[in-house]
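One structure is given below, encoded as structure tokens.
Protein chains in written order, with our numbering: chain A, 1100 to 1413; chain B, 4 to 329; chain C, 1185 to 1513.
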């Protein structure tokens, strides 16, 4: 617990990022109780601007945007975290196995990882989805998870390799600890921060990927998610006819949630690389340094004046 | 030198073959008969005999699957990607040839511009660490970059295109002007590319900025930087030749990894701006179940990304003398 | 400046009451505390002490090369009478390398890995002599490499293509590029094996003979210092505790810490002697004691040591000690 709190201390990106993500999760969980209207029912005329009654306006088909965006969040978050989880699990398995087993297995796994890394994911997913027809949220989560593990695998493998070189692992091997135990007890606990970072990154990619897929029209149109909201907005030419709220609201929802994840990742970066941290200390140092410099210049100028004064009186 | 680049080239060829295999496997794996679906989607434009030709192109010839695969691969490498469904009977290669230059122009120019600006800003942010630029401008740019690209595109389209009407929305150039090597044509191309370019550049800067900034901060802690200062070299020389030259290396690696995302972004932006590139064609192909075109588009996109990766490898090789043979 | 009628030979470098602090959170830790000593023209002074005693911090502060969170809190560094610490940016830039150059501990880390050796020699030449053209620069760079025994053909190679010893010699060559009066060497041979260390030290002696520059040699290896230094200064926990001509320090050490240091090094020949180390742990700067910093680990402490910090006292010309055993009350 203490470790958890020290993570947030002085780490603005982590604190803000986590708060944002938690708020979104909370809103999604509480959706049935906090949404003013049924997200699927037509409640007013189409394209009503934001007002007291409909805080974020209504869509082309007269549904309340606020209720929609909160309910949509449930699906979008579920897919994001689901895909993120799947991608992270695969990344951990591939990365650690590759690093620990080494040899031909490592070469093969790295080849596969590099291929996935270099392939343009979105076009491949689009083609795949087109062949499958329409894909519901579950399928989207699966596909995004399967395409999203490569980056994390590479990073985790690098870290696992460096941990493996460390002496406590060699010591465990010499004692005769089983491979499984070594991985689970010696290595994994040291990789927690990187794994969490991988999860956040994968979830981030999944949010964007899902939105992109649904925006193109490959998602299930009967399911409300942020991406499908954007798609409907595009279809109803919302921006062009001036009903900016229909398009902007889901967009901002995605943006803020993605922003939260990104900030969280930045915070994790600072943990693993403390050099990036604390520009507050730097500011304080700069101030002090400048003061000391000024003092020295003052002293020099005073001595110069004194010497000049000395010459004239002697 | 040859060894390093040679092994990279082999890798890219292998990756390309993976894409080809992906294309081969898909129609055989999907629920239902792809050709029935295509036939239905074509709505009478295609005769059953022409369907048979299509089947052949996909490799659905007589024989076991490895014969089919070999046939398919032969077709690809001989440049035959089959006819497009929605543009029947125009061959896929022709459509790609028409759309490719626009996408390369858009994505290529945008990437170069945003890299240049992002890296320069990153150097400056690291140099003035904690200062106004680093603590205010930089995070704002990163925040803008974190917006989903489609949303940023819509906002810019709305703001600069519709409301302010500064730039045209849609198309690669004014259809009233004839395509050709004329000044009028080039100006029109530039004018129409403005909004998509602006969108891609603005959303891209933040990422490169922070990559370079963080890399610089790590590099600035090295001893050779202190030695550079101790030598009495100008700040500019230390920042550029000592710090940036070294800090750029991990950034180039990161650029290579990000290229597929850049391409994905370009596709989405084309959709929103109705820009006549590969992305736009892809949307149409999805709607019309034009599988040959879709697969052809995928292959060419893969080739583009792999080529860009190879260029990044070349750049890294040029920058880091430790990779060259002794 | 006013001429002093009975002016003695001015020291090349006069460090007066230099203090360097590290800013950690809100606390300022004193890594170097009011250290004063001089270096004369052509003289080689050794600065000895264990890791963390502040010797490197001091050395870097001399040319204002300290990095955050280090702060130069007080004191002056008078080079030929002028305070380096009060230089403006341009004066500092001109001073650096031309008057004082630095040889870093790890040659691999202090050489820019992505530019050629030639470029790294020439850039410092042209930064201080903007009128030199490409050929002149190249020729001079070749000469410098020859001086340290490296063939000029290797100019266009990169640091990673040099062996460890060669790299350190290249760094030496670069340090001589502008014929400085003072070279600060921070543990120049610590990262090298003994054989290479021997080569470098021999080379260094030759160059010293040839060019006559002063050296500030920082090391924890007292026996190495014995070969080449004229005087040795010993630091402990940021304070200067003893300074004297080399033979006096090595064979007649006065301060208990110095005695402990000397006795920690085994002799290669001669009868086996029992080694006495220095018991206890290095001082924590977070809670410095009121009295002598070494008191806790000292085998010769007296009652005063715990409550009063001793002053630096001069025994006979040159030999100074900071210890209550030698100061009258």
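Glycine included, C-beta positions come from ideal geometry on N, C-alpha and C.
Owing to the predicted nature of the structure, the values given are computational and were not obtained by experimental measurement.
Residue i versus residue j: straight-line alpha-carbon distance, rounded
i	j	result
residue 1201 (chain C)	residue 1367 (chain C)	21 Å
residue 1278 (chain A)	residue 1188 (chain A)	19 Å
residue 254 (chain B)	residue 1395 (chain C)	44 Å
residue 53 (chain B)	residue 93 (chain B)	13 Å
residue 1369 (chain C)	residue 1381 (chain A)	29 Å
residue 317 (chain B)	residue 1344 (chain C)	20 Å
residue 1412 (chain A)	residue 1404 (chain A)	Because the pLDDT of residue 1412 (chain A) is 48, which lies under 50, any placement of that residue in the model is unreliable, and the number read from its coordinates should be weighed accordingly. For residue 1412 (chain A) and residue 1404 (chain A), the distance between alpha carbons rounds to 13 Å.
residue 1111 (chain A)	residue 150 (chain B)	20 Å
residue 146 (chain B)	residue 128 (chain B)	16 Å
residue 1328 (chain A)	residue 1252 (chain A)	33 Å
residue 1228 (chain A)	residue 178 (chain B)	33 Å
residue 139 (chain B)	residue 1317 (chain C)	44 Å
residue 1299 (chain C)	residue 1372 (chain C)	22 Å
Partner residues on chain C for residue i, Cβ-Cβ distance less than 7 Å
i	result
residue 1381 (chain A)	1252
residue 1399 (chain A)	1267 and 1270
heavy atom of the ligand SAH below 7 Å from residue i C-beta
i	result
residue 1357 (chain C)	Within the structure as shown, the ligand SAH is missing, as the structure has no ligands at all.
Proximity test, Cβ basis, 8 Å: residue i and chain A
i	result
residue 263 (chain B)	yes
residue 1376 (chain C)	no
residue 121 (chain B)	no
residue 71 (chain B)	no
Cβ neighbour criterion (16 or more within 10 Å) applied to residue i
i	result
residue 130 (chain B)	buried
residue 1282 (chain C)	buried
residue 1365 (chain A)	buried
residue 1334 (chain A)	exposed
residue 1186 (chain C)	Residue placement at residue 1186 (chain C) cannot be trusted, given a pLDDT of 45 that sits under 50; the coordinates are not used to answer.
residue 104 (chain B)	exposed
residue 1439 (chain C)	buried
residue 1117 (chain A)	buried
residue 1288 (chain A)	exposed
residue 1191 (chain C)	In this prediction, residue 1191 (chain C) has a pLDDT of 42, which is less than 50 and means its spatial position is unreliable; what the coordinates show is noted afterwards. With fewer than 16 other Cβ atoms within 10 Å, it is exposed.
residue 69 (chain B)	exposed
residue 1223 (chain C)	buried
CB contact below 8 Å: residue i versus chain B
i	result
residue 1272 (chain C)	no
residue 1296 (chain A)	no
residue 1195 (chain C)	no
residue 1332 (chain C)	no
residue 1307 (chain A)	yes
Contacts that residue i makes with chain A (C-beta to C-beta distance below 8 Å)
i	result
residue 283 (chain B)	Per Cβ cutoff of 8 Å: no residues; residue 283 (chain B) is ~11 Å from chain A at best.
residue 165 (chain B)	1338 and 1339
Residues that residue i contacts on chain C, provided the C-beta gap is smaller than 8 Å
i	result
residue 233 (chain B)	1247, 1249, 1280, 1281, 1285 and 1286
residue 190 (chain B)	Near residue 190 (chain B) there are no residues of chain C at all, since even the closest Cβ is about 41 Å away, more than 8 Å.
Within chain B, partners of residue i - CB distance below 7 Å
i	result
residue 1295 (chain C)	227
residue 1277 (chain C)	235
residue 1216 (chain A)	260
residue 1290 (chain C)	226
residue 1219 (chain A)	263, 266, 267, 304, 305 and 308
Any C-beta of chain C under 8 Å from that of residue i
i	result
residue 1387 (chain A)	yes
residue 198 (chain B)	no
residue 32 (chain B)	no
residue 1391 (chain A)	yes
residue 400 (chain B)	Outside the modelled stretch of chain B, which goes from 4 to 329, sits residue 400 (chain B), for which no answer is possible.
residue 1395 (chain A)	yes
residue 244 (chain B)	yes
residue 1331 (chain A)	no
Beta-carbon neighbours of residue i, restricted to chain B and to distances below 8 Å
i	result
residue 1243 (chain C)	Result: empty, since nearest Cβ-Cβ is about 11 Å, beyond 8 Å.
residue 1308 (chain C)	234, 235 and 236
Partners in chain A for residue i, counting only beta-carbon separations shorter than 9 Å
i	result
residue 289 (chain B)	1225, 1226, 1228, 1229, 1315, 1316 and 1317
Residue i: contacting residues in chain A (beta-carbon distance under 7 Å)
i	result
residue 50 (chain B)	Within chain A, no residue comes near residue 50 (chain B); the closest Cβ sits about 24 Å away, beyond 7 Å.
**Asked** Do three or more CB pairs link the segment 144 to 164 of chain B to the segment 272 to 282 of chain B at distances below 8 Å?
**Response** yes
**Message:** Within 8 Å, do at least three Cβ pairs link the segment 1282 to 1302 of chain A to the segment 1130 to 1138 of chain A?
**Reply:** no
**Asked** Is the segment 1499 to 1512 of chain C in contact with the segment 1467 to 1474 of chain C, if contact means three or more CB pairs nearer than 8 Å?
**Response** Too few Cβ pairs lie closer than 8 Å, so no.
**Prompt:** Per the contact definition of three or more C-beta pairs closer than 8 Å, is the segment 1346 to 1362 of chain A in contact with the segment 1262 to 1269 of chain A?
**Reply:** no
**Asked** For the 8 Å Cβ check, are there 3 or more pairs between the segment 1411 to 1423 of chain C and the segment 1231 to 1240 of chain C?
**Response** Segment contact: the segment 1411 to 1423 of chain C against the segment 1231 to 1240 of chain C, three or more CB-CB distances shorter than 8 Å; contact assigned.
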